[in-house]
Amino acid sequence: MALYMIGDVQGCDEPLGRLLDELDFSASRDTLYLLGDLVNRGPASLKVLRRLIALDGSAHSLLGNHDLHLLAAAHGVRKPHRGDTVGDILTAPDCDALLDWLRQCPMALFEHGWLMVHAGVLPQWDVADTMARARELQSTLRSPDWTAFLQQMYGNEPALWSDSLKGSDRLRVVVNAFTRLRFCTAQGVMEFASTEGADAAPPGFMPWFDVPGRRTADVPVAFGHWSTLGEVKREGVLPLDTGCVWGGCLTAARILSAPGEVERIGVRCDQARKPGKGL
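The numbering of the sequence shown is my numbering, which starts it at 471 and goes up by one.
So, in structure tokens, the structure goes:
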């Protein structure tokens, strides 16, 4: 049995198929963990969702910011962006079933010794806190009135977590940390304007994984979202968004028996887009 984590697919179904072939993936034997942003920007979001659903429990997917954007666009909360490529999902005869499957996806996973998130983890949270916050958000998205949350989801404030936060403010901090975080201060104040690599942090900010005293520093963390991050040599930090949709690679990491160790496998993507908003 092999265990794999895969970075942002973003609608690139053909590279995903080639990657699974390269892994000799078997749904009856192996398990996939996809780190979010399954859809959008690439040419075949509908095929990606149908492929993963057909794997029938051997694929476990996190929700990323593009996945949440699809849910919001489908329910009229946000208009589709000019560069979106999710129209094939919105007009599909099985659209409702696809969206329902998507919103059941978790916000974070802690499996086989790895903490898995789409974007980041606030430095104030340990693993137990992270998973508790993920369950809060998941419960909201799976509730009967889940679309009410979508109306309150967007915004950059509050930018700092506090245990005293309640209601939409509390959930907004959680969703921003899990799906948008790149840089924050040593105190955990999040910054959302910068999309460049780790060396281009705005004054007073740093990559979330470099915050001194980060409470998840004792466990390996795998994440996506940051295609411009560049090479990161940090023990226990595994970025897996290698820019497939921008002409880079789609990357999988096979979880090895030694704690925190992986084997990386990637395939090139020829369906390149020019970088722009929504990176």
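Beta carbons are placed, not taken as given, at the ideal position from N, Cα and C, and that holds for glycine.
From a predicted model like this one, the values you see are computed outputs, not experimental measurements.
Under a three-way DSSP split, which group does residue i fall into?
i, result
"Cys-714", "helix"
"Glu-661", "strand"
"Leu-508", "coil"
"Tyr-474", "strand"
"Leu-749", "Reliability fails at Leu-749, whose pLDDT of 39 lies under 50, so the model's placement of it is uncertain and the value that follows must be treated cautiously. Coil."
"Arg-724", "strand"
"Val-591", "coil"
Have a look at the DSSP bridge pairing and note the partners of residue i.
i, result
"Arg-640", "For Arg-640, which the question treats as bridged, DSSP gives no partner whatsoever."
"Met-586", "Leu-579 and Ala-692"
"Ala-604", "DSSP lists no partner for Ala-604."
"Cys-654", "Met-660 and Met-676"
"Leu-502", "Tyr-474 and Ala-529"
Skipping 5 residues on each side, what residues in its chain have a beta carbon closer than 7 Å to that of residue i?
i, result
"Leu-569", "Leu-541 and Ala-544"
"Gly-487", "none"
"Val-737", "Pro-485, Arg-488, Leu-489, Glu-492, Cys-719 and Leu-720"
"Arg-685", "Pro-593, Gln-594, Trp-595 and Asp-596"
"Gly-674", "Thr-655"
"Asp-526", "Ala-497"
If you drop the 5 nearest sequence neighbours on each side, which residues of the same chain put their C-beta closer than 6 Å to that of residue i?
i, result
"Arg-548", "Ala-542"
"Val-556", "Val-509, Asn-510, Ser-515 and Leu-540"
"Gly-748", "Annotation note: pLDDT 40 at Gly-748 (below 50); position unreliable, coordinate value reported separately. So the list is empty, once near-sequence residues are dropped."
"Ile-523", "Trp-571"
"Ala-671", "Phe-653"
In terms of residues, what are the limits of the alpha helix (DSSP H) holding residue i?
i, result
"Pro-485", "483-493"
"Val-518", "515-524"
"Leu-540", "535-544"
CB-CB under 8 Å to residue i, same chain, minus the five flanking residues each way: which ones, in chain order?
i, result
"Ala-687", "Gly-706"
"Ser-528", "Ala-497, Ser-498, Asp-500, Thr-501 and Leu-502"
"Arg-612", "Arg-573 and Gln-574"
"Arg-521", "Asp-483, Leu-486 and Gly-487"
Check for me: the beta strand (DSSP E) holding residue i runs from which residue to which?
i, result
"Ala-562", "Premise fails: Ala-562 is in no beta strand (DSSP E) and is neither H nor E."
"Leu-708", "707-709"
"Ala-618", "Element bounds for Ala-618: not the beta strand (DSSP E) but the alpha helix (DSSP H), 616-623."
"Glu-733", "732-738"
Under 7 Å, Cβ to Cβ, is there at least one residue of chain B near residue i?
i, result
"Leu-486", "The displayed structure is made up of one protein chain only, and chain B is not part of it."
Next on the checklist: Would you call the region 590-607 in contact with the region 679-695, where contact means no fewer than 3 C-beta pairs closer than 8 Å?
Outcome noted: Contact holds between the region 590-607 and the region 679-695, because three or more Cβ pairs, one in each stretch, are under 8 Å apart.
Next on the checklist: I want to know whether the region 562-576 touches the region 516-526 - three or more CB-CB distances under 8 Å.
Outcome noted: Counting C-beta pairs closer than 8 Å gives three or more between the region 562-576 and the region 516-526, which meets the contact rule.
Checklist entry - Do the region 601-612 and the region 571-585 make contact, defined as three or more Cβ pairs closer than 8 Å? => result They touch, by the three-pair rule.
Checklist entry - Within the chosen definition, does the region 633-645 reach the region 611-622 through at least 3 CB pairs nearer than 8 Å? => result Yes, since at least three Cβ pairs between the region 633-645 and the region 611-622 fall closer than 8 Å, the two stretches touch.
Checklist entry - Does the region 659-676 come close enough to the region 634-641 to have 3 or more Cβ pairs within less than 8 Å? => result They do not touch, by the three-pair rule.
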